[in-house]
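S.K.: Have a look at the structure that comes next, please.
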Amino acid sequence: MNFTWKIGGEAGFGIMTTGLVFSKIASRSGFHIFDYVEYPSLIRGGHNAYEVHVADFEVTHLKPIVDILICLNKETFEKHSSNLNKDSFVIYDKKEFKLEGDYKKIDVPFKKILAELKGQGVMKNTIALGASLAIIGGEINELLKIITEQFEKKGEEIISFNKKFAEAGFNYAKSNYKKFLTNWLTKKNPKGSLVMTGNDAFSLGSIIADCRLYCAYPMTPSSSVLSTLAAWQDKTGMVVRHAEDEISVINTALGSSFAGARSAVGTSGGGFALMVESISLAGITETPIVIFIAQRPGPATGMPTWTEQGDLLFAVHAGHGEFPKIVLAPGDVKEMIELTTKAFNLADIYQTPVIILSDMLLSESHRSLEKKWLDDFVKRYEIDRGKLINNSKFNPAKGGTKLQIKSQNFLRYKITNDGISHRLMAGTPGYFYQANSYEHLEDGHTTEESKERLKQVNKRNKKTITYLTKHFQLPKTYGDINQAEIIFVAWGSIKGSILETQKRLLEKGKKSALIHFNHTYPLDKDKIIPLFKNGKRHILVENNSQGQFGKLLQQETGIEIKEKILNYDGRPIWPEEIVRKI
Amino acid sequence: MSLIQDFTGYPPTWCPGCGNHGIGIALKSALVGLGLNPSTVFAVFGIGCSGNMNDFLNAYAIHALHGRAIPNAIGIKIANHQTKVIAIVGDGDCYGEGGNHFLHACRGNHDITVVVHDNSVYGLTTGQVAPTARKGYKSKSTPAGIIEVPINPLALALTQGATFVAQVFAGNVSQMIEIIKLAIQHRGFSLVNVLQPCVSFNKINNYQYYQKRVYFLANEYQKNNFELAMKKVVEVNKEKFPLGVIYQVEKPTFTDQLPQIKKEVLIEKDRFTDFSSLVKEFT
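Just so you know, the protein sequences line up as chains A and B, in that order. 1 is the number of the first residue of the first sequence in the numbering used here; add one for each residue after it. 1001 is the number of the first residue of the second sequence in the numbering used here; add one for each residue after it.
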């Protein structure tokens, strides 16, 4: 089974909630999902759409044909009819608009049902969702269960009131459109899958990694991390601070990190721009920090609710002066969990900023994630705080180091072979040291001496070499490079679209491979060059206009990928578009 | 018991006669007087002549960015709220570059002490005007005199919710010691605005200028009276400078109101591991 369900309507009428409810019903019925939302930067009055790709195999992106479209208004049909074919179901209310064209039309009297049941306009989506479930053979009980969960706190009366609308839509479609009923969503063996966005995965990942302080200023599309972690803090014990601006955000986190708490911040490009001076502060003071950036199209305010991979080079080069920095770009929700948890370890190990680059597509689209995988991952994951000396919680089994310090003069920036110095838990009795934003001696005091400057610059640079040896991971290859006619090169969230593209190409008899980078910066030249020595056709695919990763790859390795497919209209790149452009 | 020497780092590089020498001594004396030692004090320094105290004072410290010491201090306090956290900053640093952080730290009643070296100029960049300079003050960046009126940091702190607002004069070390001690002991946001001559670049607001215009608040002054405090802090418009604790009230601090760190400080808590209770919402 492989179909797309889509709902559209006016902003403010519960489109997002309804879409997520559908994704959960599909997941609970044993299917894989990938969903995608379109919404303007408005609270009321714009057009919202929510699309869910459902299949009994793993799905990573959308497909071109919408198989069932729910039109809560005329605009939905007008905007999305180009994705319909004659077999597509269209659910609408003929009292609202006349539906022209050859489709499987399902007229549901939304207005009449609302009037009869004395409902508010926002309940139209519940009627429509119920009707759609009837058509695709879904179980109404799954929807009723979710309604119960949603309104649990509001009491039995509200629950049963809402259920009436779901049942009304379901029953109407079931009894009036018998000829159209399908079994697309007939329950399989549910594997206990989770339905998560990239932002959900970052939030959960930060908790798994024992992040104790999250600081942010709301900015689309990163804001749901702030609200999720804030909602969890009573339970998790994390402190979540919504500070006055992004400069305060990152400096709060650097303060708490200096004091020994794993700390993170989250924002989008504009907020990150405000943080940049402090990224440099983290670099020279060697303070661990994890920075989550959910990219959106810029420059400046740009298109706040849309997607782009436009801040890669900005993130890589952020901060004045030279210092090590690690940039990771997860390709999907699972990688977001893996790399977020890894980022906190890397920040502690290398005592430097680690950036997680997401974008609206990854941050706000839900994907299925097998719960068992997550449970196993949590068991496997180990916290590694690197060379932090915490005498009160010293545990050699967990890689902790106990250091005998002879004098008060703790060498916070001691020259070492790997470039990493011991970091004594600030507040440890008997000692003191400073994290100095000026160039400094090994003990932290300010210096402008040539010899000392060289020592410290070399020490910091060495951390990059250590990282490349110990923690850098080569790009993952999807498909067989030896057999492939075409090799796609990509980074971050665009992975899902290319994996779908590969399937389409294979249907046409074309073999392809994908080299996908999620350890985006720094890059190990010596290890990467051999991957590209095959004389094959490489195509760079990115969601930006300048091929930023291509530039980075060339800068770091000398490899130039001449053929590029770039998309920068604020939408994710569609597999069909890639197929067409090849 | 600690001694002044325990807190003493490198010899200061401030100009001879600079008010910073007195502030440095007062600060160290206050810390000793409170029974603290370099391991129990967290200090965050801004950038400027004031911030250069980083090398002269022993403590767990961050020598921060210009303007950003306050959020660093807030972060330290949240992570380890049982320690004393002091931000040592300048007027351009705290009221100019970092003005926004100053306002919001007052609002949050964050339990940190902010000691502002207020000398009306940017000393380290050789004498440009600071936001506290009087209108018309001529400097390298304002040769025709500054157009803006000065900021009123004490009034700002009061109106934005600071629970301890004090002013001292760098020429009076013994009062500085007492007031800094009170500020550090205060639970909540405490501001100590230090009127400080810059002997190299400010030829107007020198020791004589201040000596003629400062006065001590009377013993019977009611420091918990907001309206009275408001009257005091606008005396600066008449070039009168009250010295002492102008305002002090007890209110819950920011960290007092975080239930998650009621029992244990943030860095000492056990790791949260009940992930399945969070995952439920994604099913």
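Ideal placement from N, C-alpha and C gives every residue a C-beta, glycine not left out. Please read these numbers as outputs of a predicted model, since none were measured by experiment.
Just list the alpha helix (DSSP H) runs in the stretch 141 to 219 of chain A, keeping only unbroken ones of 4 residues or longer that don't cross its boundaries, in chain order.
M.R.: 156 to 176, 198 to 208
S.K.: What does threonine 1083(B) touch in chain A if you count any residue whose Cβ is under 7 Å from its own?
M.R.: Gly427
S.K.: Closer than 8 Å, CB to CB, is tyrosine 217(A) near chain B or not?
M.R.: no
S.K.: Buried or exposed, going by whether 16 or more other CB atoms sit within 10 Å of the CB of isoleucine 565(A)?
M.R.: buried
S.K.: Given that leucine 1003(B) touches chain A, what residues does it touch there, using C-beta distances under 8 Å?
M.R.: For leucine 1003(B), no chain A residue has a C-beta closer than 8 Å to its own C-beta; the minimum C-beta separation is roughly 13 Å.
S.K.: Return the Cβ separation of leucine 312(A) and threonine 464(A) in integer angstroms, given the expectation that the two are a contact with Cβ distance under 8 Å.
M.R.: Rounded, the Cβ-Cβ distance is 18 Å, inconsistent with contact.
S.K.: Taking the C-alpha atoms as reference points, what is the distance between lysine 503(A) and phenylalanine 3(A)?
M.R.: 16 Å
S.K.: Would alanine 1087(B) count as contacting chain A if we go by Cβ distances under 8 Å?
M.R.: Not flagged as an interface residue toward chain A: alanine 1087(B), since no C-beta distance is shorter than 8 Å.
S.K.: For chain A, check one thing: does any of its Cβ atoms lie closer than 8 Å to the Cβ of histidine 1104(B)?
M.R.: yes
S.K.: Determine, for arginine 241(A), whether the minimum Cβ-Cβ distance to residues of chain B falls below 8 Å.
M.R.: yes
S.K.: State the Cα-Cα distance for the pair alanine 1183(B) and serine 1190(B), rounded to the nearest angstrom.
M.R.: 6 Å
S.K.: Nearest-angstrom Cα distance between alanine 128(A) and glycine 198(A)?
M.R.: 28 Å
S.K.: With glutamine 988(B) and glutamine 233(A) assumed to form a contact (beta carbons below 8 Å), what rounded beta-carbon distance in angstroms separates them?
M.R.: Chain B is shown only over 1001 to 1283; residue 988(B) falls outside these bounds and no answer can be derived.
S.K.: Does DSSP put tryptophan 373(A) in a helix, a strand or coil?
M.R.: Three-state DSSP puts tryptophan 373(A) in a helix.
S.K.: From Gly260(A), Thr252(A), Pro299(A), pick the residue whose C-alpha is nearest to that of glycine 279(A); which is it?
M.R.: It is worth fixing the name first, because residue 279(A) is isoleucine in this sequence and not glycine. Checking every option, the nearest Cα to that of isoleucine 279(A) belongs to Thr252(A).
S.K.: Mind listing which residues of the stretch 259 to 271 of chain A have their C-beta closer than 8 Å to chain B's C-betas, in chain order?
M.R.: Ala259, Gly260, Ala261, Ser263
S.K.: In chain order, which continuous runs of the alpha helix (DSSP H) of length 4 or greater are located wholly inside the stretch 397 to 471 of chain A?
M.R.: 450 to 470
S.K.: Nearest CA to the CA of lysine 379(A): which residue from Phe410(A), Thr341(A), His422(A), Leu361(A)?
M.R.: Of the listed residues, the one whose Cα sits closest to lysine 379(A) is Thr341(A).
S.K.: Nearest-angstrom Cα distance between glutamine 366(A) and leucine 42(A)?
M.R.: It should be noted that the sequence gives histidine, not glutamine, for residue 366(A). Roughly 21 Å between the two C-alpha positions.
S.K.: Kindly indicate if chain B contains any beta-carbon less than 8 Å away from that of isoleucine 208(A).
M.R.: So, interface residue.
S.K.: My assumption, with CB atoms under 8 Å, is that serine 222(A) sits in contact with threonine 267(A). Please give the rounded CB distance.
M.R.: 6 Å
S.K.: With a threshold of 8 Å between beta carbons, is glycine 400(A) in contact with chain B?
M.R.: A caution first: glycine 400(A) carries a pLDDT of 45, below 50, which makes its placement in the model unreliable, though a value can still be read off. Not closer than 8 Å to any Cβ of chain B, the Cβ of glycine 400(A) fails to qualify, so no.
S.K.: Going along the chain, which residues of its own chain have a beta-carbon closer than 6 Å to the beta-carbon of histidine 1117(B), five neighbours each way excluded?
M.R.: Ser1050, Gly1090, Val1194, Gln1196
S.K.: Consider the Cβ of lysine 1111(B): report whether some Cβ of chain A lies at a distance smaller than 8 Å.
M.R.: According to the sequence as given, residue 1111(B) is aspartate; it is not lysine. No, aspartate 1111(B) lies away from the interface with chain A (no Cβ there is under 8 Å from its Cβ).
S.K.: Give me, in chain order, the residues of the same chain whose beta-carbon lies closer than 7 Å to that of aspartate 384(A); leave out the 5 immediate sequence neighbours on both sides.
M.R.: Excluding residues within five positions, the ones whose Cβ falls inside 7 Å are Asn345, Asp348, Ile349, Gly399.
S.K.: Taking Cβ positions only, does arginine 1134(B) come closer than 8 Å to chain A?
M.R.: It does not; no Cβ of chain A falls within 8 Å.
S.K.: Which chain A residues are close to leucine 1258(B), counting only those with a beta carbon under 7 Å from its beta carbon?
M.R.: Val239
S.K.: So, does the stretch 1245 to 1257 of chain B touch the stretch 1104 to 1114 of chain B, judging by three or more C-beta pairs under 8 Å?
M.R.: yes
S.K.: Give the interface partners of threonine 236(A) over in chain B, defined as CB-CB distance under 7 Å, in chain order.
M.R.: Phe1272
S.K.: Between histidine 445(A) and chain B, is there a C-beta pair that is closer than 8 Å?
M.R.: yes
S.K.: Give me the Cα-Cα distance between glycine 12(A) and phenylalanine 1169(B), rounded to the nearest whole angstrom.
M.R.: 58 Å
S.K.: Counting pairs of Cβ atoms below 8 Å between the stretch 175 to 193 of chain A and the stretch 315 to 323 of chain A, do you hit three or more?
M.R.: no
S.K.: In the DSSP assignment, what are the bridge partners of aspartate 1270(B)?
M.R.: In the DSSP output, where bridge partners are listed per residue, aspartate 1270(B) has none listed.
S.K.: With DSSP collapsed to three states, give me the class of proline 353(A).
M.R.: Secondary structure of proline 353(A) (DSSP, three-state): strand.
S.K.: Which residues mark the beginning and the end of the beta strand (DSSP E) in which proline 1242(B) is found?
M.R.: 1241 to 1248
S.K.: Using a Cβ-Cβ distance cut-off of 8 Å, determine whether threonine 1126(B) contacts chain A.
M.R.: So no, threonine 1126(B) is outside the interface.
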